[in-house]
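Structure record follows, encoded as structure tokens.
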């Protein structure tokens, strides 16, 4: 069985970082990632199950890791060597149970909710965040029975999705794939859950102007989430800045009200909000801006187009950024991060209807983000965002493609682990 | 020797290639045999004594008007309004006609003891002129006498305190114009009538009006029913302005109209070949063309633009008339047609045109894609009387680089119009219905119009509406040598060469179409029989 293994190797790390300056993902050939034989991980106990990945996505955070651009903040919450891949759909070889305790027969398809919080780590009692259902905020990702690792795909002990050997997942991480849902759609559940969490945590009010910067996977999923989960109950106007034609087309299809080239978003926000412009910044601006890029330029752009006391939601994974925060201070802008998922608080009373208002019977934490994401992927047909699938042995091409996805007309690039043809 | 009239050439095997403007460049195109090329009349002899002619006009008014000196008296309030930077094209060598006329009017006002005199640039919704542009238009003496004292202002169509609503026409059109002009004892309007469309009641009813007033005739429906803008009697744009002008007169506002016409001596002697018919080019013309073309091929577009916009045209005044608006304008229109009219027999399947670097709305600026469309379909297409040069369902082929480029100071709302409106629809009616009001009332555009040098937020809409008649009339619009994405955004088809364009046109008009080339500038107007 083969897997792509990411090792701690400083010379290769440096070489990868150097080559990534040519283009994201281009350093894969010389970096710390290599294709190697691995054994299937052994489940630590009966609460763990083996999942054979069928399709596994390449995320922006994976690319940042391979490019050597990841913040050193993460050093203590990953463990080497690890098999990347946290956007995973696969098959439970021996069956198992999902997060709700529902039995799943052998051969069942499932997706992994990759956060490795207190429960997979057998930490009792759970930390307050896990206890509250916000396992994405778990502070124990370096402790317990597992090696450090904030998620499956960054942890030595679990394996990851870029592997034909499989990975192990705690039952609390397992979500059954609905019958009829394609693998392409299922692999979009994890990134969609990130978008759902970010969108539902934003303080959007009826009549607000909401801007989304970036229309890659996260940005487009955010557009779908805003359109399907927020707008029906809280009508708002959604403006999207997208760099490439296909992204603009998809953003419009997914429900954006106004779609413009990325460098025109501030102009569109200005016009829509009736603001004036002063020194490149708006006097008014959008009520909420989702930065789905996470670069200094995108954050600067976000701050330039959000209204005083508005909110910038940082969805794209940032590193160390150099940004002038005078505007944030002066205009009392709220800058909030949005990482992963957990449970989303129920919003309005159930009788008002709408997705945000639904509170499943018997739950104490609100709605599980992954449940909302599964529903959204189906409703918005987000499987269409999967543009390419590569076998593992063409990982260099795959990563280069993912690193240039927008330019090459793609959105989500994946590893296809279903076909044995061409597989090592 | 009297100047030769306009001419329609039928292209045969011996006809040399035809010159096409292509923005800040030129091309020579070999047109198919049997094509027609419409050439402008040669420049008429200018008035030998323009100042004397102006004095005569002021003393011998047309229509129901007393001579200017009899309208002036001590203690009165006199306002002189004049055309803005959009006229003439290209800007003329000094002294500008406006300077000559205004100096004469001011001399008479001074002689009559009139102290309360103000000058207003009739901007409508155009950009404010710079000091240098104003000095060029009215001369340093007038500028220095009025501007420092706040007596030279630029019409502000967004200042409620500076506007007065005079009422509505019988068709419900609001007439709202500049308060100072309306409350003066005498309003003198100084025109440069470059084409037949200019002047008449349009001077005050448009040049000194507000958006509230302008929207009644600057809309797709009116534009479509103006056939053409150059033919006042078949132009709904003019009908509306005439209704407004008569209401202005009925409101007690006394307008003393001064209109002037120019000859078509458009380019300095270095560009002499542009004024000639190709088969009459001498060695000097050929060398001039080749030398200039080679230099331009090596010149960065921005520098080429600067060079062309520094051109000052040698055109000279051919007539001046003053007095009552309608009577004056009738004489002016006849003078314009005398200079520019060319009789053309019948319509054509394909109309070709080479678009130059300049239009009324990009003097010292960039001819952005919207202005390219307006210059071709709003202006050149409408240079006719009778019928359009091109038949209904025919094709217009325009030659212009059409860069995706905008002047950020002059055309801010154009940028958003191009990106946010034309990306959704190119239908003028839909555009008007869905987007116009939000642009017209956008506080940022209003601010830039009032305090900077920006065209009003609604101005790109008007440019698109100018195209409305052509857009509904034509089967296709093809742009040769244009930046393909920009051309497509306009809803037109890009072609890499004239041969390509003709091939593409054959899909619309068949394999053996008739073709007519509008050889302008110099400006001409086709009297299509």
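Protein chains in written order, with our numbering: chain A, 4 to 427; chain B, 25 to 553. Note that the Cβ used here is the ideal one computed from N, Cα and C, for glycine as well.
For residue i, count neighbouring C-beta atoms within 10 Å of its own C-beta (all shown protein chains included) and say buried if the count is 16 or more, exposed if not.
| i | result |
| --- | --- |
| residue 98 of chain B | exposed |
| residue 174 of chain B | exposed |
| residue 241 of chain B | buried |
| residue 1 of chain A | Not covered by the structure: residue 1 of chain A. The range shown for chain A is 4 to 427. |
| residue 435 of chain B | buried |
| residue 382 of chain A | exposed |
| residue 25 of chain A | exposed |
| residue 488 of chain B | buried |
| residue 308 of chain B | exposed |
| residue 13 of chain A | exposed |
| residue 353 of chain A | Unreliable placement is indicated for residue 353 of chain A, whose pLDDT of 36 sits below 50; no coordinate value is reported for it. |
Contact check, residue i vs residue j under 8 Å by CB: the rounded distance?
| i | j | result |
| --- | --- | --- |
| residue 360 of chain B | residue 285 of chain B | 6 Å |
| residue 224 of chain A | residue 198 of chain A | 4 Å |
| residue 79 of chain A | residue 151 of chain A | 6 Å |
| residue 219 of chain B | residue 547 of chain B | 6 Å |
| residue 421 of chain A | residue 57 of chain A | 5 Å |
| residue 303 of chain A | residue 212 of chain A | Between residue 212 of chain A and residue 303 of chain A the Cβ distance is about 19 Å, and since that is not below 8 Å, they are no contact. |
| residue 54 of chain A | residue 94 of chain A | 7 Å |
| residue 288 of chain A | residue 319 of chain A | 19 Å between Cβ atoms; not a contact. |
| residue 134 of chain B | residue 93 of chain B | That belief does not hold up - the Cβ atoms of residue 134 of chain B and residue 93 of chain B are roughly 11 Å apart, past 8 Å. |
Alpha carbon to alpha carbon, what distance is there between residue j and residue i?
| i | j | result |
| --- | --- | --- |
| residue 38 of chain A | residue 27 of chain A | 19 Å |
| residue 86 of chain A | residue 160 of chain A | 9 Å |
| residue 320 of chain B | residue 310 of chain B | 15 Å |
| residue 360 of chain A | residue 82 of chain A | Its pLDDT being 39, under 50, residue 360 of chain A is placed unreliably in this model, and the value from its coordinates should be taken loosely. The alpha-carbon atoms of residue 360 of chain A and residue 82 of chain A are separated by roughly 39 Å. |
| residue 486 of chain B | residue 469 of chain B | 15 Å |
| residue 11 of chain A | residue 40 of chain A | 17 Å |
| residue 39 of chain B | residue 303 of chain B | 7 Å |
| residue 19 of chain A | residue 406 of chain A | 13 Å |
| residue 474 of chain B | residue 280 of chain A | 15 Å |
| residue 364 of chain A | residue 196 of chain A | Because the pLDDT of residue 364 of chain A is 45, which lies under 50, any placement of that residue in the model is unreliable, and the number read from its coordinates should be weighed accordingly. Whole-angstrom Cα-Cα distance: 21 Å. |
| residue 392 of chain B | residue 506 of chain B | 12 Å |
| residue 41 of chain B | residue 370 of chain B | 23 Å |
| residue 122 of chain B | residue 216 of chain B | 8 Å |
| residue 68 of chain B | residue 342 of chain B | 7 Å |
| residue 515 of chain B | residue 403 of chain B | 18 Å |
| residue 390 of chain A | residue 171 of chain A | 27 Å |
| residue 420 of chain B | residue 498 of chain B | 7 Å |
Please classify residue i: does DSSP put it in a helix, a strand, or coil?
| i | result |
| --- | --- |
| residue 119 of chain A | coil |
| residue 391 of chain B | coil |
| residue 386 of chain A | helix |
| residue 377 of chain B | strand |
| residue 56 of chain A | strand |
| residue 507 of chain B | coil |
| residue 159 of chain A | coil |
| residue 361 of chain A | Bear in mind that a pLDDT of 40 at residue 361 of chain A, under 50, signals an unreliable position, so the model cannot answer this. |
| residue 146 of chain A | coil |
| residue 245 of chain A | strand |
| residue 165 of chain A | coil |
| residue 226 of chain A | helix |
| residue 396 of chain A | helix |
| residue 98 of chain B | coil |
| residue 21 of chain A | helix |
| residue 105 of chain A | coil |
| residue 212 of chain A | strand |
| residue 177 of chain A | strand |
| residue 5 of chain A | strand |
| residue 553 of chain B | coil |
| residue 129 of chain A | coil |
In chain order, what are the residue ranges of uninterrupted beta strand (DSSP E) at least 3 long that sit wholly in the stretch 236-306 of chain B? For the stretch 236-306 of chain B, the full-length beta strand (DSSP E) segments reaching 3 residues or more read 279-286 along the chain.
Every unbroken alpha helix (DSSP H) within the stretch 393-460 of chain B, with a cutoff of 4 residues, ordered by chain: Note on the stretch 393-460 of chain B: whole alpha helix (DSSP H) runs with a minimum of 4 residues are 393-397 and 436-440, in chain order.
Minimum length 3: unbroken beta strand (DSSP E) runs contained in the stretch 175-228 of chain B: Taking 3 residues as the shortest admissible run, the stretch 175-228 of chain B contains the following complete beta strand (DSSP E) segments, listed from N- to C-terminal end: 176-178, 187-192, 198-202 and 210-214.
Quick one: complete beta strand (DSSP E) runs, 3+ long, within the stretch 271-307 of chain A? List check, beta strand (DSSP E) in window: 289-294.
Uninterrupted beta strand (DSSP E) stretches inside the stretch 121-186 of chain B (no shorter than 3 residues): When DSSP assignments are scanned along the stretch 121-186 of chain B, the uninterrupted stretches of beta strand (DSSP E) that are 3 or more residues long and fall wholly within it turn out to be 140-145 and 176-178.
Write down every uninterrupted run of the beta strand (DSSP E) in the stretch 487-550 of chain B whose length is 3 residues or greater and which is fully enclosed by it, in chain order. Scanning the stretch 487-550 of chain B from its first residue to its last, the whole beta strand (DSSP E) runs of 3-plus residues come out as 500-504, 517-519 and 539-543.
Going along the chain, which unbroken runs of the alpha helix (DSSP H) with 4 or more residues stay wholly within the stretch 23-53 of chain A? DSSP runs (the alpha helix (DSSP H)) wholly in the stretch 23-53 of chain A: none.
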